[in-house]
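Asks: The structure under discussion is supplied below as structure tokens; questions concerning it will follow.
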Amino acid sequence: MNTTRSRRRRTAVSAAIAATTVLTLSACAGAAGPNNVAGLATDHTSGFWAGLWHGLILPITFVVSLFTDNVSIYDVHNNGNWYDFGFVLGIAIPVMIFRPRWRRKKG
Numbered sequence: 394m395n396t397t398r399s400r401r402r403r404t405a406v407s408a409a410i411a412a413t414t415v416l417t418l419s420a421c422a423g424a425a426g427p428n429n430v431a432g433l434a435t436d437h438t439s440g441f442w443a444g445l446w447h448g449l450i451l452p453i454t455f456v457v458s459l460f461t462d463n464v465s466i467y468d469v470h471n472n473g474n475w476y477d478f479g480f481v482l483g484i485a486i487p488v489m490i491f492r493p494r495w496r497r498k499k500g
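Per our numbering, the sequence shown starts with residue 394, numbered consecutively.
Printed below as a string of structure tokens:
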């Protein structure tokens, strides 16, 4: 009985910490700095398929972006919600495929 309560309490505390972390980090999102390129004119606009591809290659792109200024993990010249949907879907596909499969032991 105490083990169940302890596990629930740990889960609740972990969820609260995760939510606080996400909210704190999201406060920095969208802050336009001096190097903001969203307003620059360009001849391309990335759509759903580009977003899907960028989401799929995110882990590799992130590592490369740490060592060079020429690579970014997100294309700011996109068509909006469809690019975002493809990006998130591209991130979710590998997570769903390679997620650990936890099984409860019977008995």
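From the three backbone atoms N, C-alpha and C, an ideal C-beta is built for every residue, glycine too.
Just so it is clear, the structure is predicted and the values come from calculations on it, not from any experiment.
1. Kindly indicate which residue of 401, 485 and 399 has the alpha-carbon position closest to the one of residue 447.
2. Looking at residue 445: is its Cβ nearer than 7 Å to the Cβ of residue 473?
3. When the Cα atoms are used, what is the spatial distance from residue 404 to residue 413?
4. Check residue 471 in the structure and name its three-state DSSP category.
5. Is the CB-CB distance between residue 464 and residue 456 below 7 Å?
Replies: On the basis of the coordinates in this document:
1. The residue labelled residue 447 in the question sits at position 54 within the sequence shown. Ranking 401, 485 and 399 by Cα distance to residue 447 puts 485 first.
2. For the purposes of this step, residue 445 is taken as residue 52 along the sequence shown, with counting starting at 1. For the purposes of this step, residue 473 is taken as residue 80 along the sequence shown, with counting starting at 1. No, they are not a contact pair.
3. The sequence position of residue 404 within the sequence shown is 11, counting from 1. The sequence position of residue 413 within the sequence shown is 20, counting from 1. Near 14 Å, if we compare the C-alpha coordinates of residue 413 and residue 404.
4. As a working note, residue 471 is residue 78 in the sequence shown. Here residue 471 sits in strand by DSSP.
5. Indexing the sequence shown from 1 puts residue 464 at position 71. Indexing the sequence shown from 1 puts residue 456 at position 63. No; because the gap between Cβ atoms is not below 7 Å, this pair is not in contact.
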